[in-house]
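Heads up: the structure comes next, in structure tokens.
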Amino acid sequence: MLIVFDLDGTLVDSIHDLAEAASDLSERHGGPRLDDETVCRLVGEGAEVLVERVMARAGLAAPPPGALQEFLELYERRMFDTTRAYPGVCDTLRALADTHAMALLTNKPEDSARKVLAHTGLDGFFRHLVFGDGELGRKPDPAGLVWLMARHGAPARRTVLVGDSEVDLATARAAGVRVCLARYGFGFIRVEPASLRGDEWYLDQPQDLVRLLQEGHTLSR
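Each residue of the sequence shown is one higher than the one before, starting from 296 at the first, in our numbering.
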């Protein structure tokens with residue numbers, strides 16, 4: 296079975312550092328500082344979309360030239376302040392490594408994502424990785440997920456996408472694969488529970504994934 300993981304909000308808790316960088320950008324352009332919960336509702340579709348949303352809150356109709364690069368530079372200064380792997384993530388990945396293929400699918404730009412993976416000790420678990428600034432586009436476009444499935448020779452029925460947001464949910468549905476959502480992740484704040492189906496899985500902690508794969512059944516809502 297192929298297990299494809301999202302990064303932010305699924306494997307690592309990075310929201311405070313993202314929020315601080317977004318606030319720094321907002322203040323530079325006359326906007327307010329943004330708390331973590333506000334930024335939770337802005338992230339999930341890549342850095343470019345986040346910058347557009349932050350600039351809109353600062354009262355700008357469109358990001359000024361260079362705003363994306365400005366944000367990435369601000370974020371690079373912040374990205375290791377509090378970001379960490381969620382408790383249990385490393386143990387979960389180690390437990391699955393011998394029996395499952397694992398890949399990464401993130402909307403984060405490659406440079407930032409690789410630095411976060413190295414910082415949190417997660418960079419050795421994934422054979423193939425798809426990033427938000429590559430040629431395959433960003434989730435919820437399923438192209439990156441489909442590419443990973445092809446690289447691993449995994450059909451949809453043997454693939455699980457593990458994420459935390461409505462973007463991950465939409466991506467999995469578009470590709471016809473099983474989805475497992477991390478309710479502990481910060482992206483789950485944007486998920487509408489009423490839209491979830493009975494055969495979609497849920498994690499209250501990373502270690503739940505091992506049990507769910509062994510048992511092969513869904514959690515009740």
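Yeah, the Cβ is synthetic: ideal placement off N, Cα and C, and Gly gets one too.
**Report entry** Cross-strand partners of Val425 (DSSP beta bridge)
**Finding:** Leu400
Query - For Ala408, the three-state DSSP class (helix, strand or coil) - result: The three-state reading of DSSP puts Ala408 in helix, counting H, G and I together.
Requested in this report: For Phe420, collect the residues of the same chain with a Cβ closer than 6 Å to its Cβ; drop the 5 residues on either side in sequence, then sort them by chain order.
Outcome: Leu388, Met397
Query raised in the report: Under a three-way DSSP split, which group does Thr387 fall into?
Result: helix
Query raised in the report: Tell me, which residues are paired with Trp496 by DSSP?
Result: In the DSSP secondary-structure assignment, Trp496 is bridged to Cys475.
Query - 6 Å Cβ shell around Asp423 - same chain, five flanking residues per side excluded - result: Going by the sequence as given, residue 423 is His instead of Asp. By the criterion of a C-beta distance shorter than 6 Å, His423 is surrounded in its chain by Ala398, Leu443, Arg446, once the five residues flanking it on both sides are discounted.
Query raised in the report: Thinking just about the alpha-carbon of each residue, which of Val338, Val384, Gly325, Leu464 is nearest to the one in Asn402?
Result: When only C-alpha atoms are compared, the closest one is Val338.
Requested in this report: Excluding the 5 residues preceding and the 5 following Glu461 in the sequence, name in chain order all residues of the same chain whose CB lies nearer than 6 Å to its CB.
Outcome: Arg485, Val486
Query raised in the report: Given a threshold of 16 other Cβ atoms within 10 Å of its Cβ, counted over all protein chains shown, does Thr305 qualify as buried or as exposed?
Result: buried
Requested in this report: Note down, in chain order, each residue of its chain lying with its Cβ closer than 8 Å to the Cβ of His395, except the 5 sequence neighbours on either side.
Outcome: Met296, Leu297, Ile298, Leu508
Query raised in the report: On the premise that Glu315 lies in contact with Arg373, defined as a C-beta separation below 8 Å, what is that separation, rounded to the nearest angstrom?
Result: 5 Å
Report task. Specify the secondary structure class of Phe420 as computed by DSSP and reduced to three states. Result -> coil
Query raised in the report: So what does DSSP say about Phe366, is it helix, strand or coil?
Result: helix
Query raised in the report: Sorted by chain position, which residues of the same chain lie with C-beta nearer than 6 Å to Leu464's C-beta, five sequence neighbours on each side aside?
Result: Val474
Query raised in the report: In three-state terms, what does DSSP make of Pro300?
Result: Looking at the sequence itself, residue 300 is Phe, so the reference to Pro does not match. Reduced to three states, the DSSP call for Phe300 is strand.
Query raised in the report: What is the rounded straight-line gap between the Cα of Leu431 and the Cα of Thr466?
Result: Near 13 Å, if we compare the C-alpha coordinates of Thr466 and Leu431.
Report task. Please go through the same chain and pick out, in chain order, the residues whose beta-carbon is closer than 7 Å to the beta-carbon of Lys410, but skip the five residues on each side of it. Result -> So the list reads Met374, once near-sequence residues are dropped.
Query raised in the report: By DSSP, does Leu443 sit in helix, in strand, or in coil?
Result: helix
Report task. Please determine, among Glu322, Gly471, Pro488, Leu313, the residue with the shortest C-alpha to C-alpha distance to Leu367. Result -> Leu313
**Report entry** Straight-line Cα distance separating Gly482 from Ser321
**Finding:** Each residue's Cα considered, the two are about 21 Å apart.
Query - Under 7 Å between C-beta atoms of Tyr251 and Asp308 - result: Given a span of 296 to 516 for the chain in the structure shown, any question on residue 251 remains unanswerable.
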